[in-house]
Every structure is written in structure tokens, then in C-alpha cells.
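All you need for this note's numbering is the position in the sequence shown, starting with 1, plus 1045.
Here's the structure, in C-alpha cells; my notes come after.
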Amino acid sequence: MSEAMERNLMGTILVVDDIPENISTLAGMLRDNYRVLFATSGADALEIVRQQQFDLILLDVMMPGMDGYEVCRRLKADIVTREIPVIFVTALTEVQDETRGLELGAVDFLHKPCHASIVRLRVQLHIERHNRSHSLERLVQERTRELDETRIEIVRRLGRAAEYRDNETGMHVIRMSKSSRLLARAAGVSERQANLLLNAAPMHDIGKIGIPDRVLIKPGPLDPEEWALMKTHPLIGAEIIGDHPSELLQMARIVALTHHEKWDGSGYPHGLAGDGIPLEGRIVTIADVFDALTSERPYKHAWSTVEAVDFMRAQSGSIFDPDLLELFLDLIPQVEDIRRRYADTP
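As C-alpha cells, then:
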């Protein structure tokens, strides 16, 4: 296909089906107007959508291994892929099958065998709707920017209040938030979601407000009872933020609840492991730990960048998501620039 033709295409579509003939049929219906890629398994589909952007996914239900329902569930649970419209394309015709798919977040259901005109119209409809939604969202964001900025500033100040109680500085939350955004973008998170994380990350330790001073600012090591109390601060933070419809507060709650979970499952409060830890939490963990290690505190000297990198590399696969950590280490020059621009006041 020529470059001129590619420029005229209306978007990129991923077709997921374990039967090559079905993929070929759908691709034939769409390739004149769209760039069409394919995956023959649910696992392959999840891998592909992490590597490039798609405007829509056509997803089979009945596939060996991971079925389409599970693929859709994972797509909608992932910050990187949750906004991609999903249309199920299946031979299933029962009402409960379609209901389940729509409940999982799909925007439509097409039944095999598919008629080309119907497929093209449905695809065009949902891509246009998706694009209109983003355009409207941008307009609303522009109209409510002042209000949003006020809310964000309140969130930041609450985050800084928690840090001041913990013998840390308010600049720490600014640095780790900006580093979190940097890492999120490197991991493929959209600009909008990365900006949400930038403004949600300062709330990661808000739960420390609920920890008694005798534990929080104790100069020596904590005993088992005190440590058990300290480990409740993610739960307290989640309770303080609450269950609010605001996307910002929803993300802040996830960050507060999961930033002490570890890749190997040995973290707290729920012992989540691997991809079971939301991406937001895994990102903030890395940014938070690096800044804490390289910052001076009343109870510790500041580690050098080399010392911090060596420690974090040694904990890859135990504390940290190995892939995210490698991305972060590639960003060290930019992270160091953030540290210089937002240095602690003596």
C-alpha cells in the first residue's frame, strides 16, 4: 500500500480470531478504508495492543486458551487499552452471551456470518463515535480547566500534607509525580491518562495521616506491632479518598491502595503479584522508591544515582515490574533533570 493511500485510511483495526479464514474475510471487508492487523489468540492480541495504538478491535469470543470475554476484561482493566472500542464478532446468538459481552465493556456485537455492509457501517459508526467522544471531552476539559486546576491543587496539597508528617518534603511528591508521568508515557499510556496519574500520584501516601506519630515518626526501627500498624496506611488512604466517580480520585485510590504491592507478591496490603497489580501502582512504586532513595532524610543520607540504580536493578522481579524498571532506567537522565528542577529547599 502506498504512503498516499495510508494517509487516507480512517484508522487502524485489530482483528482477533483463531481461524485465519475469518480474519481474511473481515480484513477483506475493511482494508480499503482501514489499516487492518490481526492476532490469532487472545494472548497475542494483548501483546499487540501494548505495542501500538488501535482505533477499534474486532474480537472473536470462542478461542482456545483465553476466550474473547477474558481478553475484553483485561483490555478494559488496563489503563493503556481501556478506551479502545471493542466489537465482538461471534457465532454465539443467545441473549445472555451478548449481555455478558456488553457488560464487560464491548460497544457492539456482530454475529457470524457477517455481511460486509453491516460490518463496515458498524465499524465506521463506533470509530466516529469514539472520535467524537474524545473531541467533546477535549472541549469539556477546556471549559472546566479552571475548576479542574483547583481540584488538582487541593489533591496536591493533601498529598504534601501527608509527606510533611513523614519527615519528607513536599518537593518529593512533585518529583515522584512527574517521574511517574514520564514512565507512564514510556510504557504506552495515553497523554490524558498519564496526566491523570501525574495528579493522582501525590495522594499515594495520604493514608499516613491516619498513622499515630509514635509509629510514623519513631526514630528507631518499628517493632512487629508498629509495623503491622504502618502497613495499614494504604487501606486508610483508600478509605480517605473513597469511591468517587471522578477519574482522578478513582486513580488516586488505586495508587494509594497498591503502591506498596510487590511484583513477587510479597507486598501489602493484599499481596498482589505481577500484572495483578494495577499499572498505576507499579509505576508509582518505581518513581517513589527512586526518589526516596536519592533524597536526604533526617534518618538517612541521600544515595547516589548509581547506588539507587544498583539497588533497584537487584530488586527487579521481586519488588519491581522488570519491564517497567528497564524503561525507567532508560529515563534516568530525564528523572535527574526533574530532581534538579524541583530540588529540596535546605
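From the three backbone atoms N, C-alpha and C, an ideal C-beta is built for every residue, glycine too.
{"Query": "Simplified DSSP state of T1138, which is helix, strand or coil", "Result": "coil"}
{"Query": "For H1156, three-class secondary structure by DSSP", "Result": "strand"}
{"Query": "Straight-line Cα distance separating A1388 from E1381", "Result": "10 Å"}
{"Query": "Neighbourhood of L1059 by C-beta distance below 6 Å, restricted to the same chain and skipping five residues each side", "Result": "L1082, F1099, I1102"}
{"Query": "Contacting residues, own chain, Cβ-Cβ under 8 Å from L1120 (five flanking each side not counted)", "Result": "L1091, V1094, I1102, T1126, R1127, I1129, V1131, G1150"}
{"Query": "Bridge partners - A1084, DSSP secondary structure assignment", "Result": "V1061"}
{"Query": "Reduced DSSP secondary structure (H/G/I, E/B, other) of K1345", "Result": "strand"}
{"Query": "Cβ neighbour criterion (16 or more within 10 Å) applied to F1373", "Result": "buried"}
{"Query": "Distance CB(F1154)-CB(E1143) smaller than 8 Å", "Result": "yes"}
{"Query": "Cutoff 7 Å; reference I1124; Cβ partners in own chain excluding five residues on either side", "Result": "V1234, Q1238, L1324, E1325"}
{"Query": "For V1260, the three-state DSSP class (helix, strand or coil)", "Result": "helix"}
{"Query": "Local conformation of F1373 per DSSP, three classes", "Result": "helix"}
{"Query": "Assumed close pair E1284, L1241 - CB separation to whole angstroms, cut-off 8 Å", "Result": "Wrong, their Cβ atoms sit about 21 Å apart, outside the cutoff."}
{"Query": "Where L1101 falls: helix, strand or coil (DSSP)", "Result": "strand"}
{"Query": "Own chain residues within Cβ distance below 6 Å of R1167, not counting five before or after", "Result": "D1153"}
{"Query": "Test item: CB-CB of V1354 and I1377 under 8 Å", "Result": "yes"}
{"Query": "Environment of P1367 [buried if 16+ CB atoms lie within 10 Å]", "Result": "exposed"}
{"Query": "DSSP-derived helix/strand/coil call for E1051", "Result": "Any reading at E1051 is ruled out, since the residue's pLDDT is 47, under 50, leaving its predicted position unreliable."}
{"Query": "Cβ neighbours of R1080 in the same chain (closer than 6 Å, five flanking residues each side left out)", "Result": "L1054, T1057"}
{"Query": "Cβ-based burial, D1105 [other Cβ within 10 Å; buried from 16]", "Result": "buried"}
{"Query": "Unbroken stretches of the alpha helix (DSSP H), 4 residues or longer, contained in the region 1318 to 1345", "Result": "1324 to 1338"}
{"Query": "Backbone secondary structure at I1364 - three-state DSSP", "Result": "coil"}
{"Query": "Neighbour-count burial assignment, N1244, 16 or more Cβ in a 10 Å radius", "Result": "buried"}
{"Query": "Where V1131 sits in the DSSP three-state scheme", "Result": "strand"}
{"Query": "Contacts around T1070, its chain only, beta-carbon distance under 8 Å, and the 5 residues preceding and following it disregarded", "Result": "C1159"}
{"Query": "Nearest neighbour of P1247, chosen from V1300, P1257, H1289, V1334 [CA to CA]", "Result": "V1300"}
{"Query": "Outcome for W1272 when other beta-carbon atoms lying within 10 angstroms are tallied against a minimum of 16", "Result": "exposed"}
{"Query": "Span of the alpha helix (DSSP H), counted from its first residue to its last, around R1237", "Result": "1236 to 1245"}
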